[in-house]
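Numbering-wise (our numbering), the sequence shown opens with residue 6 and increments by one.
All C-beta atoms, glycine included, are put in the ideal place defined by N, C-alpha and C.
Here the structure comes first, spelled out in structure tokens, and everything after it is commentary.
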Amino acid sequence: MGKNEICEMLGIEYPVFQGGMAWIADGELAAAVSNAGGLGIIAAMNSNGEQLRQQIKRAKELTNKPFGVNLMLMSPFIEETVDVVCQEHIKVVTTGAGNPAAYMKKLLDAGVKVICVVASVPLAVMVERMGACAVVAEGCESGGHVGDTTTMALVPQVVDAVNIPVIAAGGIADARGMAAAFMLGAKAVQMGTRFLTAKECNVHANYKEKVLKAKDRDTIVTGKSLGHPVRALKNRMTREFTEKENTPGTTPEELEKMGAGALRRAAIEGDVRYGSCMCGQIAGLVNTENTCEEIITQICSGAAALLNQSIKVS
Ligand code: TUI
Numbered sequence: 006m007g008k009n010e011i012c013e014m015l016g017i018e019y020p021v022f023q024g025g026m027a028w029i030a031d032g033e034l035a036a037a038v039s040n041a042g043g044l045g046i047i048a049a050m051n052s053n054g055e056q057l058r059q060q061i062k063r064a065k066e067l068t069n070k071p072f073g074v075n076l077m078l079m080s081p082f083i084e085e086t087v088d089v090v091c092q093e094h095i096k097v098v099t100t101g102a103g104n105p106a107a108y109m110k111k112l113l114d115a116g117v118k119v120i121c122v123v124a125s126v127p128l129a130v131m132v133e134r135m136g137a138c139a140v141v142a143e144g145c146e147s148g149g150h151v152g153d154t155t156t157m158a159l160v161p162q163v164v165d166a167v168n169i170p171v172i173a174a175g176g177i178a179d180a181r182g183m184a185a186a187f188m189l190g191a192k193a194v195q196m197g198t199r200f201l202t203a204k205e206c207n208v209h210a211n212y213k214e215k216v217l218k219a220k221d222r223d224t225i226v227t228g229k230s231l232g233h234p235v236r237a238l239k240n241r242m243t244r245e246f247t248e249k250e251n252t253p254g255t256t257p258e259e260l261e262k263m264g265a266g267a268l269r270r271a272a273i274e275g276d277v278r279y280g281s282c283m284c285g286q287i288a289g290l291v292n293t294e295n296t297c298e299e300i301i302t303q304i305c306s307g308a309a310a311l312l313n314q315s316i317k318v319s
């Protein structure tokens with residue numbers, strides 16, 4: 006899977022993005038992915054402006070290749086992280102978990118390429134009009150904050166609705182998934198769960214091990230009633246959250262309080278019983294810890310071989 010229009014646009018070797026996983030995607034993981042020829046992405050979600058600046062500095066120490074920053078639009082630090090991205094001359098940002106309208110002008114004026122993560126056709130069309138250079142169509146197989154349409158249904162509908170390149174995300178972790186995404190019209194893929202288990206990923210070992218051991222039905226979506234559904238590995242946390250969510254009379258405040266800090270507890274402290282292990286449905290396929298280079302080269306060469314197979318018609 007060689008260079009294509011997404012690679013040309015971003016100056017990368019392979020059409021593979023690493024998902025901007027909150028509390029997980031730091032400067033070291035982003036640099037490892039970029040050094041392997043993909044697009045590494047630092048998550049700004051859990052950082053204030055200065056913390057993000059530190060991660061950007063770390064990535065710049067480790068790679069000369071382009072890397073991006075993911076701006077989580079629900080972040081309490083969104084204003085300052087947007088400013089840091091502009092000041093640090095970050096080449097490309099992805100936005101997620103909301104409508105980026107309020108920040109588009111500032112980013113584009115600073116020369117930052119903006120790629121929006123969308124979970125629906127209307128938002129894809131809207132961000133194209135606002136100046137996004139591409140969209141990531143993320144299906145509900147993904148880990149973390151999810152919409153409600155699958156990758157299989159979402160990607161071709163977004164491809165038909167916009168004139169900018171589409172990157173597919175959600176449920177992709179191997180060559181077959183990448184080839185399938187390309188057949189749906191995607192020009193690149195974004196993977197989170199696969200890179201969460203990379204050797205260079207600094208997530209707590211307990212979390213990584215739980216993902217490596219997970220089977221096909223081990224994730225669940227909680228938080229629908231709060232308006233931000235989140236997919237994570239089933240554990241005591243998701244069980245108690247679901248029970249509370251289904252109990253009449255539970256207030257949104259009680260639920261928010263339960264969820265607060267849960268991702269940090271799992272990713273940093275390693276509490277995989279009472280923390281939130283956000284993870285995609287494809288975890289059952291992810292059973293080995295590999296380097297980012299192994300992940301990217303295996304998936305791209307495999308996908309290229311699959312896409313070149315001719316279909317025999319008698
Ligand atoms: O953003 C993500 N995934 C995330 S963010 C995150 S951090 C978090 N922590 C606690 C609670 C909630 C989140 C963990 N995972 N993916 C990108 C994404 N964006 N998926 C879905 C969307 C999305 C959904 C609705 C984007 C826009 C949207 O509607 C916006 C609008 O106003 O129309």
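Next on the checklist: Once the 5 residues before and after Val151 are set aside, which same chain residues still bring their CB inside 6 Å of it?
Outcome noted: Within the same chain, Val151 has close Cβ partners Cys145, Pro234 and Arg236.
Next on the checklist: Is the separation between the beta-carbon of Ala272 and that of Ile29 shorter than 9 Å?
Outcome noted: Closer than 9 Å, so yes.
Checklist entry - Does the beta-carbon distance from Leu128 to Cys121 come in below 9 Å? => result The answer is yes: Cβ separation under 9 Å.
Item to check | Residue environment, Gln286, which counts as buried when at least 16 other CB atoms sit within 10 Å | outcome: Buried: at least 16 other Cβ atoms inside 10 Å.
Checklist entry - According to DSSP, is Asn211 helix, strand or coil? => result Correct three-state label for Asn211: helix.
Next on the checklist: Just verifying my parser: in three-state terms, what is the DSSP assignment at Arg244?
Outcome noted: If DSSP states are grouped into helix, strand and coil, Arg244 belongs with the helices.
Checklist entry - Can you check whether the CB of Thr100 is closer than 9 Å to the CB of Leu57? => result Not a contact, by the Cβ cut-off of 9 Å.
Item to check | Residue(s) in a DSSP beta bridge with Thr252 | outcome: The partner list for Thr252 (beta bridge, DSSP) is empty, contrary to what the question assumes.
Item to check | CB of Met77 within 9 Å of CB of Ala102, strictly | outcome: Cβ distance < 9 Å, so Met77 and Ala102 count as in contact.
Item to check | Buried or exposed (CB count within 10 angstroms, at least 16 for buried), Lys65 | outcome: Label assigned to Lys65: exposed.
Item to check | Contact check, Ser230 vs Leu260, beta carbons under 9 Å | outcome: Leu260 sits close to Ser230, with the two beta carbons spaced by under 9 Å.
Checklist entry - Should Ala102 be listed as close to the ligand TUI, given that the test is whether its C-beta is under 8 Å from any heavy atom? => result Answer for Ala102: yes, Cβ within range of the ligand TUI.
Checklist entry - Considering only C-alpha positions, which residue in the set Lys70, Ala115, Ala186 and Met79 is nearest to Asp88? => result Ranking the options by Cα distance to Asp88, first place goes to Ala115.
Checklist entry - Apart from the five residues just before and just after Gly228, which ones in its own chain have a Cβ nearer than 6 Å to its Cβ? => result Result list for Gly228: Pro234 and Val235, in chain order.
Checklist entry - Can you name, in chain order, every residue of its own chain whose Cβ lies under 8 Å from the Cβ of Gln23, other than the five neighbours on each side? => result Ala30, Leu34, Ala35, Val38, Gly43, Leu44, Gly45, Ile46, Gln195, Met196, Gly197, Phe200 and Cys297, listed in sequence order.
Checklist entry - Ser147: buried (16+ other C-beta within 10 angstroms of its C-beta) or exposed? => result Ser147 should be labelled buried.
Checklist entry - Beta-carbon separation of Gly32 and Ile61 under 9 Å? => result With a cutoff of 9 Å on beta-carbon distance, Gly32 and Ile61 are scored as near each other.
Checklist entry - Looking at His94 and the ligand TUI, is the gap between the Cβ and the nearest heavy atom below 8 Å? => result Flag unset: Cβ of His94 not near the ligand TUI.
Item to check | Boundaries (first-last residue) of the beta strand (DSSP E) holding Gly103 | outcome: No beta strand (DSSP E) holds Gly103; DSSP gives it neither H nor E.
Item to check | Beta-ladder partner(s) of Leu268, from DSSP | outcome: Looking at the DSSP assignment, Leu268 forms no beta bridge with any residue, so it has no partner.
Checklist entry - Can you tell me where the alpha helix (DSSP H) with Leu159 in it begins and where it stops? => result For Leu159, the uninterrupted alpha helix (DSSP H) run begins and ends at Thr156 to Ala166, by DSSP.
Next on the checklist: For Ala178 and Leu290, what's the separation of their Cα atoms in angstroms?
Outcome noted: Their Cα atoms are separated by approximately 7 Å.
Checklist entry - Could you give the uninterrupted runs of the alpha helix (DSSP H) lying entirely in the segment 22-57, keeping only those of 4 residues or more? => result Whole alpha helix (DSSP H) segments, 4+ residues: 32-40.
Checklist entry - With 16 as the cutoff for other CB atoms within 10 Å, does Lys215 come out buried or exposed? => result By the neighbour-count criterion, in which 16 or more other beta carbons inside 10 Å mark a residue as buried, Lys215 falls on the buried side.
Next on the checklist: For a test of the three-state rule: what should DSSP assign to Phe82, helix, strand or coil?
Outcome noted: For Phe82, the three-state secondary structure derived from DSSP is coil.
Checklist entry - Does at least one heavy atom of the ligand TUI sit under 8 Å from the Cβ of Glu250? => result Taking 8 Å as the cut-off, one finds no heavy atom of the ligand TUI near enough to the beta carbon of Glu250.
Next on the checklist: I'd like to confirm the pairing. Which residues does DSSP put opposite Glu143 in its beta bridges?
Outcome noted: Beta bridge pairing from DSSP links Glu143 with Ala174.
Checklist entry - Under 9 Å between the Cβ atoms of Leu67 and Ala124? => result Not closer than 9 Å, so no.
Checklist entry - Among residues of its own chain, excluding the 5 on either side of Glu51, which ones have a beta-carbon nearer than 6 Å to its beta-carbon? => result This sequence places Asn at residue 51; Glu is not what is there. Excluding sequence positions up to five before and after Asn51, its CB lies within less than 6 Å of the CB of Ala27 and Trp28, all in the same chain and listed in chain order.
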